[in-house]
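Numbering-wise (my numbering), the sequence shown opens with residue 4 and increments by one.
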Amino acid sequence: MIEMRKESQTQGLLTIVREMRIFILIWFGQIVSVTGSGLTNFALDIWVLQKTDSVTQFAILILCSTLPFVLISPLSGVLTDRFSRRWLMIISDFCAGLCTLSMALLYANGKLEIWHLYLATASSNALLGIQWPSYNASTTLLVPQKHLGRANGMNQLADGFSRLVAPILAAFLLGTIHLNGIIIIDFSTMLFALVPLLLLPFPELSNVVQTSEETTKSDSFWVELSQGWIYLKERPGLLGVVLLSGMINFLVGVFDVTAIPLGLTLTSVIVTGSVFSIACSGLVISGVAMSIWGEVRRYTNILFVGIFFAGIFLIVAGLRPSLFLFTPASFFFFLTVPAINTSIFSILQKKVVPEVQGRIFALQGAVASICLPLGYVVAGSFADIIFEPLMAPDGALANSVGKIIGTGEGRGLGLLLILVGGIAIFLTSIAYLYPRLQLVEEELPDVITNENSSIPV
Numbered sequence: 004m005i006e007m008r009k010e011s012q013t014q015g016l017l018t019i020v021r022e023m024r025i026f027i028l029i030w031f032g033q034i035v036s037v038t039g040s041g042l043t044n045f046a047l048d049i050w051v052l053q054k055t056d057s058v059t060q061f062a063i064l065i066l067c068s069t070l071p072f073v074l075i076s077p078l079s080g081v082l083t084d085r086f087s088r089r090w091l092m093i094i095s096d097f098c099a100g101l102c103t104l105s106m107a108l109l110y111a112n113g114k115l116e117i118w119h120l121y122l123a124t125a126s127s128n129a130l131l132g133i134q135w136p137s138y139n140a141s142t143t144l145l146v147p148q149k150h151l152g153r154a155n156g157m158n159q160l161a162d163g164f165s166r167l168v169a170p171i172l173a174a175f176l177l178g179t180i181h182l183n184g185i186i187i188i189d190f191s192t193m194l195f196a197l198v199p200l201l202l203l204p205f206p207e208l209s210n211v212v213q214t215s216e217e218t219t220k221s222d223s224f225w226v227e228l229s230q231g232w233i234y235l236k237e238r239p240g241l242l243g244v245v246l247l248s249g250m251i252n253f254l255v256g257v258f259d260v261t262a263i264p265l266g267l268t269l270t271s272v273i274v275t276g277s278v279f280s281i282a283c284s285g286l287v288i289s290g291v292a293m294s295i296w297g298e299v300r301r302y303t304n305i306l307f308v309g310i311f312f313a314g315i316f317l318i319v320a321g322l323r324p325s326l327f328l329f330t331p332a333s334f335f336f337f338l339t340v341p342a343i344n345t346s347i348f349s350i351l352q353k354k355v356v357p358e359v360q361g362r363i364f365a366l367q368g369a370v371a372s373i374c375l376p377l378g379y380v381v382a383g384s385f386a387d388i389i390f391e392p393l394m395a396p397d398g399a400l401a402n403s404v405g406k407i408i409g410t411g412e413g414r415g416l417g418l419l420l421i422l423v424g425g426i427a428i429f430l431t432s433i434a435y436l437y438p439r440l441q442l443v444e445e446e447l448p449d450v451i452t453n454e455n456s457s458i459p460v
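Next up, the structure:
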């Protein structure tokens with residue numbers, strides 16, 4: 004009986020792999036490439052801080068890594084829905100690789116300047132703005148509907164793996180092969196992304212390419228650009244899903260800025276690094292779980308519950324100056340993120356017609372890209388200017404809130420996490436009461452019904 008069960012499970016796994024084989028090969032190339040990019044990003048951050056000793060220069064670099072994505076999103080969404088998504092991914096990955104190679108050549112010749120990094124980072128981020136909607140919209144074409152949740156879980160696993168491994172590996176490589184070696188590795192990983200896209204059969208929308216006359220008359224750029232927004236306005240439940248994606252990115256931005264400074268008030272640098280690694284492992288574990296779990300009956304349940312508990316874990320992380328509270332709270336906070344994002348992408352892929360998915364994912368990516376640095380700015384400025392002074396031993400809240408959460412260094416950061424977590428819980432509760440959002444999976448039909456291939460080649 005046990006042997007039969009094992010054989011059945013093995014057969015089921017082989018069936019899943021067979022049905023997702025093209026996506027898995029493309030995904031593997033992407034996870035290698037994303038990890039390589041993570042190595043370079045971390046190494047460049049360190050290089051800028053060491054070379055300039057300027058937080059302002061570092062902040063400009065962060066801005067260059069987010070703003071171009073937002074600015075190009077309207078154009079990239081239209082391109083994704085108008086042209087071959089595979090070739091858009093190939094071109095954007097290749098050009099991003101050239102940006103990386105140019106930095107390596109400049110560094111090797113001792114001519115790399117800060118403005119070169121700004122230009123290369125901004126260019127790479129703009130190209131990511133094209134690659135992002137193309138890749139997410141292509142998932143619908145590559146994977147049967149019953150495996151969309153599994154595919155999106157794998158994508159979240161890739162992001163979590165890069166976030167966990169890249170800083171540790173980059174810190175080690177900086178001391179051995181230095182910045183130039185890391186950049187060369189990054190350029191090499193681009194090949195892992197390009198080869199599957201070039202060699203594997205890739206389904207496309209049957210109506211991607213129109214004649215120039217049809218495009219000019221009926222589907223001009225501005226008309227197509229507005230269609231994405233109109234599509235969401237006519238389906239407020241989907242608009243709510245996009246806005247919730249902005250909320251979770253804002254929460255991640257706030258936590259990213261506050262976690263390490265708060266950890267350093269509780270323990271040493273080495274232990275803080277270990278705590279942050281433990282926290283980031285939650286991204287990987289959750290990504291693995293969503294990949295194994297597969298199809299979910301109601302993704303909205305995971306979405307609401309996930310953000311609700313993310314808010315609770317932020318509150319717990321800031322509640323007391325205790326490493327024994329902060330560490331598990333950080334881990335469980337990151338554990339919710341892949342589950343939330345998997346639900347968001349799965350809902351959009353199932354409920355948005357493939358012909359518009361490029362524009363919708365571009366809008367979703369723009370919202371997420373705005374909210375993440377917004378979380379950085381809010382957390383950084385509010386913590387220094389408002390919350391830390393309030394929670395100082397002689398601060399205005401020392402004898403009230405301070406009696407509950409403590410006073411002194413780091414307690415302002417704790418109060419900020421508590422407030423942001425409370426706001427997240429409140430807004431999630433309000434969103435749950437909105438019928439169009441709560442019932443979006445029931446009210447909108449699935450746009451994909453063919454279990455073997457979603458779109459004709």
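Don't be surprised by glycine CBs; every beta carbon is placed ideally from N, CA and C.
Out of Gly100, Ser95, Ile94 and Phe31, which has the shortest C-alpha to C-alpha gap to Thr43?
-> Closest in C-alpha terms to Thr43, from the list Gly100, Ser95, Ile94 and Phe31, comes Gly100.
Return the chain-ordered ranges of every alpha helix (DSSP H) run that is complete within the region 379 to 439 and spans a minimum of 4 residues.
-> Runs of the alpha helix (DSSP H) inside the region 379 to 439: 405 to 408 and 414 to 435.
Straight-line CA distance for Ala154 to Asn128?
-> Roughly 24 Å between the two C-alpha positions.
By how many angstroms is the C-alpha of Phe364 removed from the C-alpha of Thr218?
-> With a pLDDT of 47 at Thr218, under the threshold of 50, the predicted position of this residue should be treated as unreliable, though the coordinate-derived value follows. Rounded to the nearest whole angstrom, the CA to CA distance from Thr218 to Phe364 is 22 Å.
Ala173 beta carbon less than 9 Å from that of Asp96 | The answer is no: Cβ separation not under 9 Å.
From the DSSP output, in three-state form, read off Pro199 for me.
-> Pro199 falls in the helix class under three-state DSSP.
Cutoff 6 Å; reference Ser68; Cβ partners in own chain excluding five residues on either side | Hits under 6 Å: Thr124 and Asn128.
Integer-rounded CB distance, given that Ser229 should sit under 8 Å from Leu136 | Residue identity differs from the one stated: residue 136 is Pro in this sequence, not Leu. About 16 Å separates the two Cβ atoms, so there is no contact after all.
Reduced DSSP category for Thr192 - H, G, I as helix; E, B as strand; rest coil = Note: Thr192 maps to helix in three-state DSSP.
Span separating the alpha-carbon of Ile29 from that of Gln159 | Rounded to the nearest angstrom, the two C-alpha atoms are 14 Å apart.
Give the single residue among Glu207, Lys114 and Pro264 whose Cα lies nearest to the Cα of Leu145.
-> Of Glu207, Lys114 and Pro264, the residue nearest in Cα terms is Glu207.
Validate contact between the region 251 to 271 and the region 365 to 385 using beta carbons, cut 8 Å, 3 pairs = Judged by Cβ distances under 8 Å, the region 251 to 271 makes contact with the region 365 to 385, as three or more pairs qualify.
Quick one: grab the DSSP three-state call for Leu442.
-> If DSSP states are grouped into helix, strand and coil, Leu442 belongs with coil.
Hey, out of Leu420, Gly156 and Ala313, whose CA is closest to Ser349's CA?
-> The candidate whose alpha carbon is nearest that of Ser349 is Gly156.
Pull up the distance between the alpha-carbon of Pro264 and that of Gly413, whole angstroms please.
-> If I take the Cα positions, the gap works out to 7 Å.
Do you know offhand how far Phe164's Cα is from Leu182's?
-> Their Cα atoms are separated by approximately 21 Å.
Where does Phe175 fall in DSSP's three states?
-> In the structure shown, Phe175 sits in a helix (DSSP, three-state: H, G or I).
Inspect the CB distances between the region 302 to 316 and the region 422 to 430 and report whether three or more fall short of 8 Å.
-> Counting Cβ pairs under 8 Å, three or more are found: they touch.
CB contact flag (Leu167, Ser294, <9 Å) | No; because the gap between Cβ atoms is not below 9 Å, this pair is not in contact.
How about Phe410 and Ala395: are their beta carbons less than 9 Å apart?
-> Just to set this straight, residue 410 is Thr in the shown sequence, not Phe. With respect to the 9 Å criterion, Thr410 and Ala395 are classified as neighbours on the basis of their beta carbons.
Tell whether a beta-carbon distance below 9 Å holds between Gln360 and Asp84.
-> Yes, the pair counts as a contact, with Cβ atoms nearer than the cut-off.
Just the C-alpha distance for Ile75 and Ser325, rounded to the nearest angstrom, thanks.
-> Roughly 43 Å between the two C-alpha positions.
Phe86, DSSP secondary structure in three states = The answer is coil: DSSP assigns Phe86 none of H, G, I, E or B.
Using the Cα positions of Ile94 and Met193, report the straight-line distance between them to the nearest angstrom.
-> Taking the CA atoms as reference points, Ile94 sits about 11 Å from Met193.
Residue interval of the alpha helix (DSSP H) (run including His119) | Unbroken alpha helix (DSSP H) run through His119: Ile117 to Leu145.
Within the region 15 to 64, ranges of the alpha helix (DSSP H) (whole runs, at least 4 residues) = At a cut-off of 4 residues, the continuous stretches assigned as alpha helix (DSSP H) that sit fully inside the region 15 to 64 are 24 to 55.
Spatial neighbours of Val260 in its chain, beta-carbon cut-off 8 Å, leaving aside the 5 residues before and after = Correct list, in chain order: Gly378, Tyr379, Ala382, Gly383 and Ala386.
Tell me whether Pro324 sits in a helix, a strand or coil according to DSSP, three-state version.
-> DSSP places Pro324 in the coil class of the three-state scheme, outside both helix and strand.
When you compare only the Cα positions, how much space is there between Ile343 and Val272?
-> Answer to the nearest angstrom: the Cα atoms are 30 Å apart.
My understanding is that Ala320 touches Leu420, with C-beta atoms under 8 Å, so please give their C-beta distance in whole angstroms.
-> That belief holds up - the Cβ atoms of Ala320 and Leu420 are roughly 5 Å apart, short of 8 Å.
What do you get for Ala369, buried or exposed, if any count of 16 or more other CB atoms within 10 angstroms of its CB means buried?
-> With 16 or more Cβ atoms within 10 Å of its Cβ, Ala369 is classed as buried.
Using the rule of at least 16 other Cβ atoms within 10 Å of the residue's Cβ for burial, across every protein chain shown, is Asn402 buried or exposed?
-> Exposed is the call here.
State the DSSP-derived secondary structure class of Val450, mapped to helix, strand or coil.
-> In the structure shown, Val450 sits in coil (DSSP, three-state: anything other than H, G, I, E or B).
Contact check, Arg439 vs Lys354, beta carbons under 9 Å | At the C-beta level, Arg439 and Lys354 stay beyond 9 Å of one another.
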